[in-house]
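Residue numbers (the numbering used here): 141 to 474.
Next up, the structure:
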């Protein structure tokens, strides 16, 4: 087990560095010079104290863009390791300062949506795969396929039209009303919760279909295994097999599913946050991309990469602890 953990850890570190290097190389070789655009803005904001070319040179030097690709990447990654994430070119403040506020908004919405999606999807997927061909099972299967086919922007537009415009139950966007800004009492808390309802519902709807199908397919694969066929040959029903014999085996796909959802919780949803005008991580990344904010873009890439690889590593360890065959299979392949 210790050998398995060590090898998975080394692979995770390699994956993180490869992704970061490829991301840095992509920005380094972009045809459009974002540093030049940011330099013009800084020249105007500073009242012409420095020329645009001087600002451009400062920015290029600060992020290693004036060096070779490898040297520039090593310079940038060493700053990241030391905690020097730089200042946002677009907002003019430290990257971590801007990111921290958006982090709270994204996680508060994403965590609620992720937990709700799991509580809906896992039982629904198990129920549809258990062999009970009831009307409810058929409806869940049809609904999951329908949800998969619905793009998130359509779901958001539909929710806004029905619940905000027609019924007037919720606001169109944001996380609080104008009259509650600066208020931290119970009324402001309720106002914030009411603003979170539609974004949470949008995430649940857009993700539940895929999650239900994922659980359904994994349960079906388990039900087709040899030892399950042996249990069936003894006359045990599929319902009893699922409830009494598949709990341990079901934990592996469920753990993988949960930790696959977590990175989206911490990285934010660009579509949901942008269309609902929420100042979250996803929306922040979108603004950084369209404005060429290289420090913020690179920090977002580094953050999401570490989150994704880190949660995958934790999922692998937990799966190996639940089912020793996971570690044994990995050892044979390596």
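We put the CB at the ideal spot given by N, CA and C, even for glycine. Quick caveat: nothing in here was measured; it's all calculated off a predicted structure.
Restricted to the region 388-465, the alpha helix (DSSP H) segments that are unbroken, complete and at least 4 residues in length are 410-415, 421-431, 434-462, listed in chain order. When rounded, the separation of the alpha-carbon atoms in residue 425 and residue 444 is 11 Å. Burial of residue 459 is indicated by the presence of at least 16 other C-beta atoms within 10 angstroms of its C-beta. Per DSSP, the unbroken alpha helix (DSSP H) holding residue 216 starts and ends at 209-221. For residue 238, the three-state secondary structure derived from DSSP is helix. Here residue 159 has 445 as same chain residues with Cβ atoms under 6 Å from its own Cβ, once five neighbours each way along the sequence are excluded. Assigned with DSSP and collapsed to three states, residue 273 falls in coil, not helix or strand.
Beta-carbon to beta-carbon, residue 268 and residue 277 are separated by about 5 Å, close enough to satisfy the 8 Å threshold. Sorting 211, 334, 394, 330 by C-alpha distance to the C-alpha of residue 356 places 394 at the top.
Taking residue 228 as the centre and dropping the five residues before and after it, the same chain places the C-beta of 235, 238, 433, 435, 436 closer than 7 Å to its C-beta, in chain order. Under the three-state reduction of DSSP, residue 300 is assigned to helix. Boundaries of the alpha helix (DSSP H) harbouring residue 150: 142-168, taken from the DSSP string. Here residue 306 carries a helix assignment [DSSP, helix/strand/coil].
Ranked by Cα distance from residue 363, the options 342, 411, 390, 441 are led by 390. Using a 10 angstroms sphere on the CB of residue 307, the tally of other CB atoms stays under 16, which defines it as exposed.
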